[in-house]
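What follows is a short report on a single structure.
There are 2 protein chains.
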Amino acid sequence: MKKKKAYNVAVVGAKGAVGHEMIRILEERKFPVKEFRLFGSARSAGQTVKFRGENYTIRELKFCKEEFKGIDIILSSPGASISKKFAPFALEAGAVIVDNTSAFRMDPKVPLVVPEINGKEIKKHRGIIANPNCSAIIMLMAVAPLHKKNRVRRLICSTYQSVSGAGAKAMEELKDQTAEYLKQWNVPDSEKKLTKKVFSHQIAFNLFSHNASIEENGYNGEELKMIAESRKILGDSKMRMTTTCIRVPVFRAHSETIYLEFEKKMSVEEARAILGKAPGVKLVDDRKTNYFPMPIEASGKDNVLVGRIREDLSAKNSLALFVAGDQLRKGAALNAVQIAEVLIA
Amino acid sequence: MKKKKAYNVAVVGAKGAVGHEMIRILEERKFPVKEFRLFGSARSAGQTVKFRGENYTIRELKFCKEEFKGIDIILSSPGASISKKFAPFALEAGAVIVDNTSAFRMDPKVPLVVPEINGKEIKKHRGIIANPNCSAIIMLMAVAPLHKKNRVRRLICSTYQSVSGAGAKAMEELKDQTAEYLKQWNVPDSEKKLTKKVFSHQIAFNLFSHNASIEENGYNGEELKMIAESRKILGDSKMRMTTTCIRVPVFRAHSETIYLEFEKKMSVEEARAILGKAPGVKLVDDRKTNYFPMPIEASGKDNVLVGRIREDLSAKNSLALFVAGDQLRKGAALNAVQIAEVLIA
Numbered sequence: 001m002k003k004k005k006a007y008n009v010a011v012v013g014a015k016g017a018v019g020h021e022m023i024r025i026l027e028e029r030k031f032p033v034k035e036f037r038l039f040g041s042a043r044s045a046g047q048t049v050k051f052r053g054e055n056y057t058i059r060e061l062k063f064c065k066e067e068f069k070g071i072d073i074i075l076s077s078p079g080a081s082i083s084k085k086f087a088p089f090a091l092e093a094g095a096v097i098v099d100n101t102s103a104f105r106m107d108p109k110v111p112l113v114v115p116e117i118n119g120k121e122i123k124k125h126r127g128i129i130a131n132p133n134c135s136a137i138i139m140l141m142a143v144a145p146l147h148k149k150n151r152v153r154r155l156i157c158s159t160y161q162s163v164s165g166a167g168a169k170a171m172e173e174l175k176d177q178t179a180e181y182l183k184q185w186n187v188p189d190s191e192k193k194l195t196k197k198v199f200s201h202q203i204a205f206n207l208f209s210h211n212a213s214i215e216e217n218g219y220n221g222e223e224l225k226m227i228a229e230s231r232k233i234l235g236d237s238k239m240r241m242t243t244t245c246i247r248v249p250v251f252r253a254h255s256e257t258i259y260l261e262f263e264k265k266m267s268v269e270e271a272r273a274i275l276g277k278a279p280g281v282k283l284v285d286d287r288k289t290n291y292f293p294m295p296i297e298a299s300g301k302d303n304v305l306v307g308r309i310r311e312d313l314s315a316k317n318s319l320a321l322f323v324a325g326d327q328l329r330k331g332a333a334l335n336a337v338q339i340a341e342v343l344i345a
Numbered sequence: 001m002k003k004k005k006a007y008n009v010a011v012v013g014a015k016g017a018v019g020h021e022m023i024r025i026l027e028e029r030k031f032p033v034k035e036f037r038l039f040g041s042a043r044s045a046g047q048t049v050k051f052r053g054e055n056y057t058i059r060e061l062k063f064c065k066e067e068f069k070g071i072d073i074i075l076s077s078p079g080a081s082i083s084k085k086f087a088p089f090a091l092e093a094g095a096v097i098v099d100n101t102s103a104f105r106m107d108p109k110v111p112l113v114v115p116e117i118n119g120k121e122i123k124k125h126r127g128i129i130a131n132p133n134c135s136a137i138i139m140l141m142a143v144a145p146l147h148k149k150n151r152v153r154r155l156i157c158s159t160y161q162s163v164s165g166a167g168a169k170a171m172e173e174l175k176d177q178t179a180e181y182l183k184q185w186n187v188p189d190s191e192k193k194l195t196k197k198v199f200s201h202q203i204a205f206n207l208f209s210h211n212a213s214i215e216e217n218g219y220n221g222e223e224l225k226m227i228a229e230s231r232k233i234l235g236d237s238k239m240r241m242t243t244t245c246i247r248v249p250v251f252r253a254h255s256e257t258i259y260l261e262f263e264k265k266m267s268v269e270e271a272r273a274i275l276g277k278a279p280g281v282k283l284v285d286d287r288k289t290n291y292f293p294m295p296i297e298a299s300g301k302d303n304v305l306v307g308r309i310r311e312d313l314s315a316k317n318s319l320a321l322f323v324a325g326d327q328l329r330k331g332a333a334l335n336a337v338q339i340a341e342v343l344i345a
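One line per chain: the protein sequences are R and W, in this order. Sequential numbering from 1 applies to the first sequence in UniProt numbering. Sequential numbering from 1 applies to the second sequence in UniProt numbering.
See the structure below:
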């Protein structure tokens, strides 16, 4: 991207949970923004959003080149079908898109990037850079530094995913449904009246298999994204992987248990040393005080927390870990802004 | 045990979450109780408990033979140190103890029993039968029927454990702390005042590594119990196992992701057929409607729910599952009463 003092930046999906966070992070990290343009659905059009003390009005996203005229960088998180639809016009207008949806992630011509891991892929872009799935980013922040040193040949991951991954309305649902549940404390569970709008199952004091639809092989969309995207980001199409994605009643940070089988032995001490120096990772691994990663401590933070580093007792050359990372930040908005920072560097 | 029309039964730890459930289940399953004697701590002594419409007063547990005179069966769940202390007196008095604590589980002379799996061990008892760890029972209800058909050589389990495992006070803490959290919705998280009595970490809208203390090898007590007890129950000391135990904000059913590597190939259809017929197991595995085991649906039920049965994409001859089971029932009180039923059969 041509070096400038400041850039014309657009956010598509400005009213969503991730869009909101993108705006906050652009501000926080003092991204050099000249013109700032916000797009949203017809429903959010007309609403205003504060950015650096000024109010910006959200425009309804229209599918034509003129909408993006003069824009250098688009941070987008509207939903995959919308991204597919507006992208050709934005590209025609000369903008570079950092897209947080699944629309382009597996396109071989589109770099899929976690800057700390494969940031050098960014320069190969042809107008679109894809931001990976949140659960994949959070997992790979811990896995990639180890894998770089000693190849991971098998990876098993079980997630504890917060509701923010399903959007701002899902976060409201967890809050409101929990309050409803407590108000009806003395009503038998089967007779409690709980409002379900986003999730088809109760989320208050419950958990369930991720709401993405199930494919032929029994895996849901989220699990398959984690597998395919991780292989692409690590550039290792042969890594053997399985995942189970579970939604838990937590607001905005995902946690994950991870079991890794390496090519050669990797000691706990070595893993701890590597992760202790890895950018974007914070070790939280105090066995004495039973202090390990927790979603409430990852929330609102940039670093992915890693702990419970220990030998996997079930296999040779294997380790087990537990991680927690903010789904909206490193899992989405922060990673996208970091990509934009590399673009203008 | 000598065949009788009805038995003199004692419950030790009658005021605890498990003790309460034991009493309910004895009633529900019409266990032939003649005399009914309840023991508790000094704190709960004097309180009354209803059983079959009659009030029974809890006595303070005293460590002498006379306390257990005439008792045939003791269902006990007071805490391991208390069980160790009262057991010799109860045995001297001629009672048989079904103990839900960890006190005797790994004693080679004590059968460790899940009736559906190794019920035949019960008759080998010398006065004590141990009830296994709740997470182990719930996991094994799904694993054992498959293992019987085709040996499991490697097992990886990540738990999503409800708070009931930490007792009735932990359930109150989840409820009260959640209400506190919602009342302080607009207060920044770091400034919210939340009452912590049972857990040292916030449990409302959070999760954390199990509160059992961490051993030399980095595993916590709960994880090591799951491994050691599973091997004993399955009679397979060589099964390679690892687990990660995580506490989640759910009231009373534990969920678990389980990855199994078999000696030979086991198809999804075969596993489903085996589990569909396994006693104490209910298949909840509807891919089309995304309907799988959930803790709220396992709560208050006898069966362990099993679903998400699919190939583990990361290894040959492997399957992945997701289970949910009531921690207080099959994970504890129900299993203990089932053992007592075998004793008198």
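Where a beta carbon is used, it is the ideal one built from N, C-alpha and C, also for glycine.
Element boundaries [alpha helix (DSSP H), containing residue i]
i                 : result
Met226 of chain W : 221-234
Glu191 of chain R : First-last for Glu191 of chain R: undefined, no H or E at that position.
Thr289 of chain W : Note, Thr289 of chain W: premise wrong, no alpha helix (DSSP H); not H, not E.
Whole-Å CB distance - residue i paired with residue j, under 8 Å assumed
i                 : j                 : result
Ile214 of chain W : Asn206 of chain W : Rounded, the Cβ-Cβ distance is 19 Å, inconsistent with contact.
Val113 of chain R : Ile129 of chain R : 6 Å
Ser158 of chain R : Ser44 of chain W  : Ser158 of chain R to Ser44 of chain W, Cβ: 38 Å. No contact.
Val342 of chain W : Gly127 of chain W : The Cβ separation is near 15 Å, so there is no contact.
Leu61 of chain R  : Phe86 of chain R  : 6 Å
Ala136 of chain R : Lys225 of chain R : 7 Å
Ala332 of chain W : Glu21 of chain W  : 7 Å
Ile246 of chain W : Tyr181 of chain W : About 20 Å separates the two Cβ atoms, so there is no contact after all.
Span separating the alpha-carbon of residue i from that of residue j
i                 : j                 : result
His210 of chain R : Val248 of chain R : 9 Å
Thr325 of chain W : Gly94 of chain R  : Thr is not the amino acid found at residue 325 of chain W; the sequence shown has Gly there. Going by the C-alpha atoms only, they are around 55 Å apart.
Phe208 of chain R : His201 of chain R : 8 Å
Asn290 of chain R : Ala212 of chain W : 8 Å
Thr243 of chain R : Ile227 of chain R : 7 Å
Lys4 of chain W   : Lys123 of chain W : 17 Å
Leu334 of chain R : Phe322 of chain R : 21 Å
Glu269 of chain R : Ile74 of chain R  : 42 Å
Gln47 of chain R  : Gly16 of chain W  : 54 Å
Ile344 of chain W : Val18 of chain W  : 21 Å
Glu116 of chain W : Glu28 of chain W  : 19 Å
Interface flag, residue i vs chain W, CB-CB below 8 Å
i                 : result
Gln202 of chain R : yes
Asn211 of chain R : yes
Ser135 of chain R : no
Lys175 of chain R : yes
Leu155 of chain R : yes
Arg310 of chain R : yes
Same chain, Cβ closer than 7 Å to residue i, neighbours up to 5 away in sequence not counted
i                 : result
Gln327 of chain W : Cys134, Ser162, Ser164, Gly165, Arg252, Ala253, His254
Val143 of chain W : Val152, Leu155, Ile258, Leu260
Pro132 of chain R : Arg105, Leu112, Val114, Glu229, Ile233
Lys84 of chain W  : Ala103
Val33 of chain R  : Ala6, Tyr7, Val9, Leu26
Lys265 of chain R : Asn317
Asn150 of chain W : Phe262, Glu263, Lys264, Met266
Ile23 of chain W  : Val11, Ala14, Val49, Phe51
Gly307 of chain R : Leu283, Val284, Asp285, Phe292, Pro293, Phe322
Own chain, CB closer than 6 Å to residue i, minus 5 neighbours either side, in chain order
i                 : result
Lys305 of chain W : In the sequence as displayed, the identity of residue 305 of chain W is Leu instead of Lys. Result list for Leu305 of chain W: Lys282, Val284, Pro293, Ala298, Ala324, in chain order.
Pro78 of chain W  : Val12, Gly13
His125 of chain W : Pro111
Ile309 of chain W : Val268, Ala271, Arg272, Asp285, Leu321
Ala168 of chain W : Ala17
CB contact check: residue i to chain R, cutoff 8 Å
i                 : result
Lys17 of chain W  : As written in the sequence, residue 17 of chain W is Ala, which differs from the Lys given in the question. It does not: the Cβ of Ala17 of chain W has no partner Cβ on chain R nearer than 8 Å.
Met294 of chain W : yes
Asn317 of chain W : no
Met171 of chain W : no
Ile274 of chain W : no
Phe208 of chain W : yes
Cut-off 8 Å between Cβ atoms - residues of its own chain near residue i, not counting five sequence neighbours on either side
i                 : result
Ser50 of chain R  : It is worth fixing the name first, because residue 50 of chain R is Lys in this sequence and not Ser. Answer for Lys50 of chain R: Tyr56, listed in chain order.
Glu173 of chain W : Val163, Thr195, Lys196, Lys197, Val198, Phe199, Ile203
Arg59 of chain R  : Arg37, Leu38, Phe39, Gly40, Ala45, Glu67
Segment limits, beta strand (DSSP E) that includes residue i
i                 : result
Phe51 of chain W  : 48-51
Lys282 of chain W : 281-283
Ile73 of chain R  : 73-76
Ala10 of chain W  : 7-12
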